[in-house]
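Have a look at the structure below before the remarks.
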Amino acid sequence: MGTTDSEQTAAGLIEDPKSFDPKGTLALILVYFCILVTMWVYIYFVEFLGNDLIVVG
Amino acid sequence: MHVHSYEKIWLALGLGLILLLIGSVTYGAVGPGVSMVAADQPTVDPTALDEDDRFAEPRVEQVGENEYEAYVVAYQFGFEPDPIVIPANSTVTFMVTSRDVTHGFEVVGTNANTMVIPGEVSTLTVETGGPTEYGVICNEYCGAAHHGMEATIEVVPQDEFESSTGGSTDSGGSTDGDGSGGDQ
Amino acid sequence: MTATADAPATTSPDATNEPVTNEDDPDGDGDGAATPEGTFYDRFPAEARIVRATFLGAFLAFAIGTTFGIIQTLHRTGIARPFSSVDYYTFLTAHGVFLVLSFTIFFLVGVFTWALVRSLDRPLVNTRFSWAWYGLMAVGMTLTGITILAGFTSAVDLSADVLFTFYAPLQAHPLFYGGLAVFLVGTWLAGLDWWRTYLAWRRENPDERIPLQTFMVLTTTIMWYVATSALAISVLFFLLPWSLGLIETVNPTLTRTLFWFFGHPVVYFWLMPAYLLWYTVLPSIAGGRLFSDPLARVVFVLFLLLSTPVGIHHQYLDPGIAEGFKFVSMTNTMFLLLPSLLTAFTVVASVEYGARVRGGTGLFGWLRTLPWRDPAFTGMMLAGLMFAAGGYSGMVNAGMNINYLIHNTIWVPGHFHLTVGTAVALTFMAATYWLWPQITNKPIYSKQIGLAQVVLWFAGMALMSNAMHAQGLLGAPRRTAEPEYAGFEYGTAFGGFQELNVQIAIGGTILFASAVLFLSNVVLTMGNSRTDGLAETISEPISGPEDAPLVLDNIRLWGGIAVLLVLLAYALPIVAIIQRGGLFGPGGEAFPMVLDALSILVDRAPDAIALLTDRAVDALGGGRLGGWP
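Protein chains in written order, with full-length UniProt numbering: chain A, 1 to 57; chain B, 1 to 184; chain C, 1 to 629.
If you want it as structure tokens, here you go:
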């Protein structure tokens with residue numbers, strides 16, 4: 001926890017695995033999150049609500 | 001229990017995503033008013049549809065000002081009536097049931113889509129736009145010729161609808177008409 | 001407490017010396033229980049034979065299922081139709097049953113047997129019992145399979161063209177349902193076998209934490225018991241007696257609801273062995289360590305709790321089920337995203353740790369240092385990536401009203417070919433490259449072919465599944481032999497229907513080639529002679545079980561809550577369905593799916609005559625009330 005980037009060396013991580021901050025994982029998963037939200041908004045509000053014959057009852 | 005701070009951030013975003021999804025669906029229900037196929041009709045005996053005045057003679061009928069009901073029977077392997085002729089710029093409620101197995105009723109390329117289960121009546125209310133034509137297909141496997149099960153919906157101008165259906169849209173005559181016409 | 005207390009003390013120094021291969025893990029916390037010397041085959045030869053047999057059963061089903069898959073792909077897209085469109089549905093039924101029931105579940109029982117024995121470091125209580133459940137599963141699936149395949153010939157009066165969902169009133173031969181029941185009993189006994197072995201271990205090790213892999217096996221087994229209870233009721237009380245003519249009708253909505261009570265958790269049943277492999281094997285292959293053992297446990301508990309009370313989301317467009325029940329099912333379903341999102345983070349972080357230890361740097365640069373030449377690693381990573389994509393279409397499927405857009409379109413099979421068809425199947429194939437040497441002492445024939453094979457699977461599925469999703473948005477239905485119709489043309493978005501067909505056909509062909517490569521590699525591997533030195537180890541978690549609250553291991557508590565949630569979600573809908581349509585439905589006939597027209601006539605003539613007589617009598621008697629409730 002709370003380690004700076006310089007401490008995240010291979011040796012440092014083997015020494016103290018709990019100091020590992022998965023910033024690459026966080027970055028990847030934030031990209032994934034943005035894709036999910038964008039594609040959801042597109043399919044729900046454009047493809048679905050913009051479609052013909054909305055069922056209203 | 002130890003959870004890494006990054007994973008806590010991710011957990012919070014995940015919860016946010018779930019709320020967004022449920023929120024969107026709720027908005028769709030209350031904003032544009034999308035409503036689900038549900039349990040609003042009593043069950044019917046699929047082998048005795050000829051005793052049900054909606055399905056003895058499947059048809060489209062006017063039920064109110066600019067409001068219509070389309071009674072549709074799905075069967076192996078087709079839909080009745082076919083074509084389903086409905087007026088443009090009106091509110092149409094499809095009531096669909098099956099007289100044999102489970103079918104689907106999908107108006108291709110639109111949101112009108114429902115399961116058709118024998119014994120149940122699926123109701124879908126839609127608002128039609130201008131005159132057009134749609135394909136209707138069964139989208140649940142229903143037997144060897146499932147892929148041939150289709151129909152069309154013709155959305156026609158109001159005046160054309162009235163002239164094409166003539167007297168049969170008047171609610172009075174239909175019960176009489178179907179008993180003799182349908183069976184013989 | 002001795003073992004648990006000693007765990008945190010020993011883990012860190014161990015880790016300091018050896019982050020990747022763990023020297024000793026006497027506490028059996030599930031992550032390094034196997035000693036470095038010796039493979040699973042060396043240590044548990046009797047169990048290894050069982051695991052090998054289950055895998056071979058799975059691969060046989062895979063061979064049949066994928067062969068039918070390519071036939072369907074080419075038929076549906078209109079590229080080649082050597083068989084009639086009627087036979088298409090026989091292929092489709094077999095494709096579904098062999099792949100999603102036979103392939104997945106046979107592989108699952110193998111992985112679970114391996115994981116349980118390995119992590120408990122203890123043999124099964126009685127391997128004769130294990131062979132008994134294996135035998136039941138094999139016999140049951142064979143019976144069901146025969147009734148399906150008999151659909152190709154009219155020479156035998158057997159058929160089951162009912163697809164793997166067997167919605168009544170489509171009716172299969174009694175042996176179809178009977179075989180399923182026998183198969184189900186086999187899986188129940190497998191679960192019993194694992195529990196018995198666990199309880200024996202517990203008596204020998206009263207104070208230890210449940211090893212992680214065993215924890216995963218036990219929670220998944222409880223989920224399976226909860227889920228299959230409904231399928232058993234549906235088959236034994238309704239469908240089987242009905243197919244035997246003991247009861248005249250069934251309630252189609254009721255049996256459908258019972259099917260989906262089972263049908264959603266079964267997808268997690270397929271997925272859990274893949275998760276087990278991602279959590280416990282993948283980090284080790286990457287040279288990393290599981291990021292968090294406690295979160296892995298939380299994820300499996302969440303699946304146990306949430307995977308069943310959601311089945312109604314398959315019935316969003318069913319008449320006869322109130323909108324409120326559908327909404328409840330949707331909220332449960334959406335929360336089921338959480339364990340998968342957590343898994344994505346934990347597994348990727350575990351792999352990233354491996355990359356960083358290997359010297360990987362940068363925000364994304366570490367990805368380059370991973371062992372991409374290892375088919376087991378690459379296969380599982382690509383499977384995970386596909387699961388992330390499947391997560392998107394899964395969200396859409398879960399959204400209640402947006403179901404109008406995609407329900408029963410080919411979007412849905414597009415989705416589950418990403419999940420079960422890739423996340424699960426590709427993980428199983430990739431894991432085979434790692435596991436097979438462990439259970440047989442035979443090295444893989446060719447890791448290069450393996451690598452090509454997993455990449456081909458990914459590429460083929462990317463092409464096929466993407467085009468299926470797009471066709472679904474155009475409204476093309478699933479489950480049809482000929483998706484082109486006389487009365488209308490599909491829209492032209494996404495390249496149009498025909499172009500998407502070509503993509504599906506190319507993708508499907510690549511997938512089939514990949515399947516052939518996989519199966520050939522396995523067969524050639526079986527011809528290798530046994531060697532030493534193949535033993536692989538599983539690394540210790542960074543945050544071990546000592547960080548997990550003890551309550552997580554209280555499986556009885558979680559099982560109890562799971563049952564309660566299921567009752568809350570299902571009691572009212574099921575009572576309402578029975579009140580509406582009656583236990584045996586509002587009437588109707590059975591529709592046996594026997595292809596031979598003559599036998600239909602012979603079978604149904606008495607019924608038809610009886611029905612006509614009945615009608616005539618009714619007509620004379622002044623009409624009848626029918627089935628009105």
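Idealized CB from N, CA, C, for every residue including glycine.
This structure is a prediction, so every number in the text was calculated from the model and none was measured.
Interface flag, residue i vs chain B, CB-CB below 7 Å
{"i": "C:His407", "result": "yes"}
{"i": "C:Pro586", "result": "yes"}
{"i": "A:Tyr44", "result": "yes"}
{"i": "C:Asp596", "result": "Any reading at C:Asp596 must be qualified, since the residue scores a pLDDT of 43, below 50, and its modelled position is unreliable; the value itself is stated next. By this cut-off, C:Asp596 is not an interface position."}
{"i": "C:Ala190", "result": "no"}
Through-space distance from residue j to residue i, alpha-carbon basis
{"i": "C:Tyr198", "j": "C:Met216", "result": "12 Å"}
{"i": "B:Val107", "j": "B:Tyr6", "result": "46 Å"}
{"i": "C:Leu60", "j": "B:Val96", "result": "43 Å"}
{"i": "A:Asp16", "j": "C:Val566", "result": "43 Å"}
{"i": "C:Phe183", "j": "C:Gly140", "result": "4 Å"}
{"i": "B:Ser122", "j": "B:Phe79", "result": "14 Å"}
{"i": "C:His264", "j": "C:Thr153", "result": "33 Å"}
{"i": "C:Phe98", "j": "C:Gly145", "result": "8 Å"}
{"i": "B:Tyr71", "j": "B:Cys138", "result": "16 Å"}
{"i": "C:Ile577", "j": "C:Thr253", "result": "7 Å"}
{"i": "C:Phe62", "j": "B:Gly31", "result": "47 Å"}
{"i": "C:Leu474", "j": "C:Asn401", "result": "17 Å"}
{"i": "C:Trp194", "j": "C:Gly135", "result": "16 Å"}
{"i": "C:Thr331", "j": "C:Val235", "result": "29 Å"}
{"i": "C:Arg556", "j": "C:Trp278", "result": "25 Å"}
{"i": "B:Gly109", "j": "C:Ala476", "result": "8 Å"}
{"i": "C:Ser229", "j": "C:Arg76", "result": "35 Å"}
{"i": "C:Ile542", "j": "C:Ala53", "result": "34 Å"}
{"i": "residue 702 of chain C", "j": "C:Leu385", "result": "Outside the shown range of chain C, which is 1 to 629, sits residue 702 of chain C, and nothing can be said about it."}
Top-ranked residue by Cα proximity to residue i, from the options
{"i": "C:Asp547", "options": "C:Asn205, C:Asp293 and C:Asn251", "result": "C:Asp293"}
{"i": "C:Glu589", "options": "B:Leu13, B:Tyr75 and B:Cys138", "result": "B:Tyr75"}
{"i": "B:Asp159", "options": "B:Gly130, B:Ile137 and B:Tyr134", "result": "B:Gly130"}
{"i": "C:Thr67", "options": "C:Ile510, C:Arg580, C:Glu536 and C:Leu550", "result": "C:Ile510"}
{"i": "C:Phe83", "options": "C:Leu116, C:Ser102 and C:Gly151", "result": "C:Gly151"}
{"i": "A:Tyr42", "options": "C:Val396, C:Gly245 and C:Leu244", "result": "C:Val396"}
{"i": "C:Met223", "options": "C:Val267, C:Gly362 and C:Phe494", "result": "C:Val267"}
{"i": "C:Phe591", "options": "C:Phe112, C:Pro169 and C:Ile70", "result": "C:Pro169"}
{"i": "C:Leu56", "options": "C:Ala80, C:Thr73, C:Phe44 and C:Thr104", "result": "C:Thr104"}
{"i": "B:Tyr146", "options": "C:Ala115, C:Arg49, C:Thr90 and C:Met272", "result": "Note that residue 146 of chain B is His in the sequence shown, not Tyr. The shortest Cα separation from B:His146 among C:Ala115, C:Arg49, C:Thr90 and C:Met272 belongs to C:Thr90."}
{"i": "C:Leu143", "options": "C:Ser159, C:Val357 and C:Asn554", "result": "C:Ser159"}
{"i": "B:Ala151", "options": "C:Asp161, C:Glu489 and C:Thr361", "result": "C:Glu489"}
{"i": "C:Ile439", "options": "C:Leu426, C:Ala535 and C:Leu385", "result": "C:Ala535"}
{"i": "C:Arg297", "options": "C:Gln315, C:Ser307, C:Leu276 and C:Pro283", "result": "C:Leu276"}
{"i": "C:Gln579", "options": "C:Phe428, C:Ala322 and C:Arg368", "result": "C:Ala322"}
{"i": "C:Gly394", "options": "B:Leu21, B:His4 and B:Lys8", "result": "B:Leu21"}
Reduced DSSP category for residue i - H, G, I as helix; E, B as strand; rest coil
{"i": "C:Asn466", "result": "helix"}
{"i": "B:Met95", "result": "strand"}
{"i": "C:Ile449", "result": "helix"}
{"i": "C:Ala94", "result": "helix"}
{"i": "B:Glu67", "result": "strand"}
{"i": "B:His147", "result": "helix"}
{"i": "C:Pro283", "result": "helix"}
{"i": "B:Ile9", "result": "helix"}
{"i": "B:Gly104", "result": "strand"}
{"i": "A:Gly24", "result": "helix"}
{"i": "C:Val125", "result": "coil"}
{"i": "C:Ser543", "result": "strand"}
{"i": "C:Tyr490", "result": "coil"}
CB contact below 7 Å: residue i versus chain A
{"i": "B:Ala112", "result": "yes"}
{"i": "C:Phe345", "result": "yes"}
{"i": "B:Pro32", "result": "yes"}
Beta carbon proximity, residue i to chain C, threshold 7 Å
{"i": "A:Ala11", "result": "no"}
{"i": "A:Leu30", "result": "no"}
is_contact[residue i, chain D] using C-beta, thresh 7 Å
{"i": "C:Thr153", "result": "You won't find chain D in this structure, because its protein chains are A, B and C."}
Enumerate, from N- to C-terminal direction, the unbroken alpha helix (DSSP H) stretches of 4 or more residues contained entirely within the region 114 to 142 of chain B.
For the region 114 to 142 of chain B, not a single whole alpha helix (DSSP H) run of length 4 or above is found.
Which ranges does the alpha helix (DSSP H) cover as unbroken runs of at least 4 residues, wholly within the region 57 to 113 of chain C, from first to last along the chain?
For the region 57 to 113 of chain C, the continuous alpha helix (DSSP H) assignments of 4+ residues that do not extend past its boundaries occur at 85 to 96, in sequence order.
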